[in-house]
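**Student:**
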Amino acid sequence: MVVGDLVILSNCQTTGYDNGEIGVVTKIEEVGQLFRLYWVFMSDGVEVPMWDTELEVFNGDRGSYNNFEESMGR
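Below, the structure written as structure tokens:
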């Protein structure tokens with residue numbers, strides 16, 4: 114994941130946003146040597162920090178769509 118990527122929330126647990134929502138990565142912050150925090154600009158105009166396990170890059174292919182459908186319970 115890099116700055117500028119369009120991401121879909123797929124395992125959101127810390128921010129209160131719902132799985133399936135889409136945002137844009139605005140910056141990446143190193144947390145120690147092992148972890149990265151991804152700042153994501155959401156559709157409500159708020160920039161929120163998320164772990165990589167909460168996101169996946171949305172590239173419009175069938176894989177991203179299937180994960181979106183699963184997260185919405187369809």
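Just so we're aligned, residue 114 is where the sequence shown starts under my numbering, counting upward by one.
Note that the Cβ used here is the ideal one computed from N, Cα and C, for glycine as well.
Keep in mind the model is a prediction, meaning the values are calculated, not measured.
In whole angstroms, what is the alpha-carbon distance linking M114 and E134?
**Tutor:** Each residue's alpha carbon lies about 17 Å from the other.
**Student:** What is the DSSP secondary structure of D118, reduced to helix, strand or coil?
**Tutor:** Note: D118 maps to coil in three-state DSSP.
**Student:** Residues in its own chain within less than 7 Å of Q146 by CB, not counting five upstream and five downstream?
**Tutor:** Closer than 7 Å at Cβ, skipping near neighbours: no residue.
**Student:** Run through DSSP, which three-state label would T127 get?
**Tutor:** T127 falls in the coil class under three-state DSSP.
**Student:** Can you tell me whether E134 is helix, strand or coil according to DSSP?
**Tutor:** Three-state result, E134: coil.
**Student:** Going by DSSP, what residue range makes up the beta strand (DSSP E) through E169?
**Tutor:** Unbroken beta strand (DSSP E) run through E169: 168 to 170.
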